[in-house]
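**Q** Numbering (the working numbering), first residue to last: 3 to 49.
1) Per DSSP, what kind of secondary structure is residue 36 in: helix, strand or coil?
2) Short of 8 Å in beta carbon distance, which residues of its chain neighbour residue 23, apart from the five on each side in sequence? Order them along the chain.
3) Could you check what DSSP says for residue 28 in three-state terms: helix, strand or coil?
4) Measure the alpha-carbon distance for residue 49 versus residue 30 and round it to whole angstroms.
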């Protein structure tokens with residue numbers, strides 16, 4: 003479903019963003035939910 007709505011680059015950027023958020027959470031440098039919400043909104047605006 004996502005591949006029909008979003009391009010492969012958009013999905014890849016989103017997944018890379020999730021990986022980055024995970025690393026930031028583990029290192030204690032994350033902005034928390036704000037970062038996740040921003041990432042999701044960014045993907046949704048591209049679809």
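Yeah, the Cβ is synthetic: ideal placement off N, Cα and C, and Gly gets one too.
**A** Straight from the coordinates:
1) In the chain shown, counting from the first residue as 1, residue 36 sits at position 34. Helix at residue 36.
2) Counted from its first residue, the chain shown places residue 23 at position 21. Cβ within range, chain order: 32, 37, 38, 41.
3) Residue mapping note: residue 28 aligns to position 26 of the chain shown, counting from 1. DSSP, reduced to helix, strand and coil, places residue 28 within a helical segment of the structure shown.
4) Along the chain shown, read from residue 1 onward, the residue named residue 49 stands at position 47. Along the chain shown, read from residue 1 onward, the residue named residue 30 stands at position 28. Residue 49 and residue 30 have their C-alpha atoms spaced approximately 31 Å apart.
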